[in-house]
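So for the sequence shown, my numbering puts the first residue at 5; every next one is plus one.
Ideal placement from N, C-alpha and C gives every residue a C-beta, glycine not left out.
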Amino acid sequence: MNHILKNCLYYGASRLGELPFLRARFAARAVIILLHEIQPDCQSELMTGTSVSLFEYLLDWLRREGWSIVSLDECLEKLATNDRSRRYAVLSFDDGYRDNVSVALPILERHNAPFMMYVPTGALTRSMQTWWLGLRKLLLARDEVAIEALGRRFHCSDLRSKRSALSEVTDWVHQDYRRSAMLAPTFEQNGISLAALNDAYFLDERELRILARHPLASIGGHTTSHAALTTLDKSLARAELADNRDYLENLLQLSVRHVAYPYGSWGPREEHLAKEVGFQTAVTTRQSRLHDHTVNHFALPRIGVYSPSGFRARMSGIMEAVR
Ligand SMILES: [Zn+2]
5 MNHILKNCLY
15 YGASRLGELP
25 FLRARFAARA
35 VIILLHEIQP
45 DCQSELMTGT
55 SVSLFEYLLD
65 WLRREGWSIV
75 SLDECLEKLA
85 TNDRSRRYAV
95 LSFDDGYRDN
105 VSVALPILER
115 HNAPFMMYVP
125 TGALTRSMQT
135 WWLGLRKLLL
145 ARDEVAIEAL
155 GRRFHCSDLR
165 SKRSALSEVT
175 DWVHQDYRRS
185 AMLAPTFEQN
195 GISLAALNDA
205 YFLDERELRI
215 LARHPLASIG
225 GHTTSHAALT
235 TLDKSLARAE
245 LADNRDYLEN
255 LLQLSVRHVA
265 YPYGSWGPRE
275 EHLAKEVGFQ
285 TAVTTRQSRL
295 HDHTVNHFAL
305 PRIGVYSPSG
315 FRARMSGIME
325 AVR
């Protein structure tokens with residue numbers, strides 16, 4: 005959809021959602037918010053994360069609109085006991101990015117806001133195939149990029165063309181996650197080390213151990229290798245979930261009871277597996293809010309944050325109602 009049209013639509017929906025009768029009609033009880041990187045300088049990372057200003061806006065907006073920011077456990081408890089005194093928001097960060105601690109944590113502390121971080125084993129052991137970081141690094145470094153697996157050569161000397169190339173290749177991988185492995189020769193030819201990117205961008209074991217003791221932090225699983233579970237056979241998918249849980253529990257000496265499906269790739273089989281290996285909840289990337297206690301705890305929806313008006317539109321429920 006045209007970018008301007010989309011922004012107009014979000015703006016209109018967010019304003020509609022502020023009308024008292026619509027707000028009462030579509031108001032949700034709770035929401036889980038999905039975040040990844042919190043970037044001080046988004047342009048230098050091709051606008052792939054949430055800016056510090058948008059992150060601060062989101063926290064201020066939640067407080068102003070009467071949402072209590074709580075842990076996932078507290079949120080589910082409030083839903084289960086049908087506590088209607090407040091509306092509850094849970095903040096979740098996927099993948100274990102280092103900027104969640106260096107940039108976001110001081111802001112979270114200022115707001116006294118609890119949060120959940122979903123961490124794959126491979127980020128900590130520096131073995132995760134972070135093709136999205138490799139592509140970003142490649143496009144930032146070069147003005148002409150050939151992606152042989154896709155049969156495309158991109159001329160990208162400015163931010164706009166680099167973002168457009170990143171979006172095209174990323175969409176191509178999202179259509180079939182097995183394609184991510186096909187990018188390895190391109191990274192190798194261009195001297196891009198995914199292990200070095202893991203090192204630069206993700207917390208290490210020591211840092212995660214410290215974070216896990218922070219009173220505002222909860223740590224959840226995110227599989228061993230960050231694989232799209234639905235592309236794996238059942239025993240591999242099960243091992244991805246169980247081994248990551250064991251690894252985190254051993255490392256942190258804490259019980260790990262919550263998980264996020266990488267790429268939001270899940271179905272009834274993954275819900276069953278997550279439950280079977282001992283998790284109590286699993287979150288997805290389905291864009292929705294939580295309405296009551298009948299919500300499926302192994303397919304919890306979340307709301308992404310990409311712009312102030314898009315966020316307000318999703319929070320109002322108008323976008324969901326239209327869909
Ligand atoms: Zn992830």
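Query	Result
Can you round the beta-carbon distance between HIS159 and ASP98 to whole angstroms, since I take them to be within the 8 Å contact cut?	With 8 Å as the limit, HIS159 and ASP98 do not qualify as a contact, their Cβ atoms being about 32 Å apart.
Going by beta carbon distance, what residues of the same chain come within less than 8 Å of SER222, once the five residues before and after it are set aside?	SER75, LEU76, ASP77, PRO118, PHE119, MET120, MET121 and HIS262
Per DSSP, what kind of secondary structure is VAL287 in: helix, strand or coil?	strand
Ligand 1 and HIS230: does the residue's C-beta get closer than 7 Å to at least one heavy atom of that ligand?	yes
Would you report the Cα separation of ASP45 and HIS301, rounded to the nearest angstrom?	36 Å
Would you list the residues sitting across from GLU148 in a DSSP beta bridge?	HIS159
Which of helix, strand or coil does DSSP assign to GLY195?	coil
Pop quiz: LEU112 and LEU220 are said to be a contact at Cβ under 8 Å. What is the actual Cβ separation, rounded to whole angstroms?	6 Å
Helix, strand or coil: how does DSSP classify ARG242 here?	helix
Considering ASP98, what are the terminal residues of the beta strand (DSSP E) in which it resides?	91-98
State whether the region 152-169 contacts the region 185-193, with contact taken as three or more CB pairs (one from each stretch) at a distance under 8 Å.	yes
Taking TYR122 as part of the beta strand (DSSP E), name the residues at either end of that continuous run.	119-123
Tell me which residue opens and which closes the alpha helix (DSSP H) that ARG114 is part of.	109-114
Say whether chain C places a C-beta atom closer than 8 Å to the C-beta of VAL173.	As a matter of chain content, chain C is missing from the structure shown, which is built from one protein chain.
Using C-beta distances below 8 Å, list every residue in its chain close to ALA199, excluding the 5 sequence neighbours before and after it, in chain order.	ARG130 and SER131
Based on Cα-Cα distance, which residue from TYR181, LYS141 and GLU280 lies nearest to LEU163?	LYS141
So, under 8 Å CB-CB, ARG242 and VAL281 are touching, yes? Tell me the CB distance rounded to an integer number of Å.	7 Å
For a test of your reading of the model: does the CB of HIS262 fall under 7 Å from any non-hydrogen atom of ligand 1? Yes or no.	no
Within 10 Å of its beta-carbon, does LYS238 have 16 or more other beta-carbons around it, so buried, or fewer, so exposed?	exposed
Kindly indicate the opening and closing residues of the beta strand (DSSP E) around ALA153.	Segment: none, ALA153 is in no beta strand (DSSP E) and carries neither H nor E.
Please identify the residue among CYS79, LEU143 and ASP250 whose C-alpha is closest to the C-alpha of SER171.	LEU143
Quick one: residues in its chain with C-beta nearer than 6 Å to the C-beta of PHE59, no 5 flanking neighbours on either side, listed in chain order?	ILE42
Which one or two residues does DSSP pair with ARG306 in a beta bridge?	GLN291
Under a criterion of Cβ closer than 5 Å to any non-hydrogen atom of ligand 1, which residues qualify, in chain order?	ASP98, ASP99 and PRO266
By the 10 Å Cβ neighbour count, where 16 or more other Cβ atoms means buried, how is THR228 classified, buried or exposed?	buried
The beta strand (DSSP E) with ALA34 in it runs from where to where?	34-39
Which runs of the alpha helix (DSSP H), 4 residues or longer, sit entirely within the region 58-93?	76-84
Look at the alpha carbon of TRP135 and the alpha carbon of ARG102, and state the distance between them as a whole number of angstroms.	18 Å
By DSSP's criteria, ILE214 is part of a beta bridge. Which residues make up the other side?	BP columns for ILE214 are empty, so no partner.
Based on the DSSP output, what are the partners of VAL263 in its beta bridges?	GLY225 and ALA286
I believe ARG316 touches ILE307 by the beta-carbon criterion, under 8 Å. Please report the beta-carbon distance rounded to the nearest angstrom.	Incorrect: roughly 11 Å between the Cβ atoms, too far for contact.
If you drop the 5 nearest sequence neighbours on each side, which residues of the same chain put their C-beta closer than 7 Å to that of ALA231?	GLU244 and PRO266
Tell me where the alpha helix (DSSP H) around PRO272 begins and ends.	272-280
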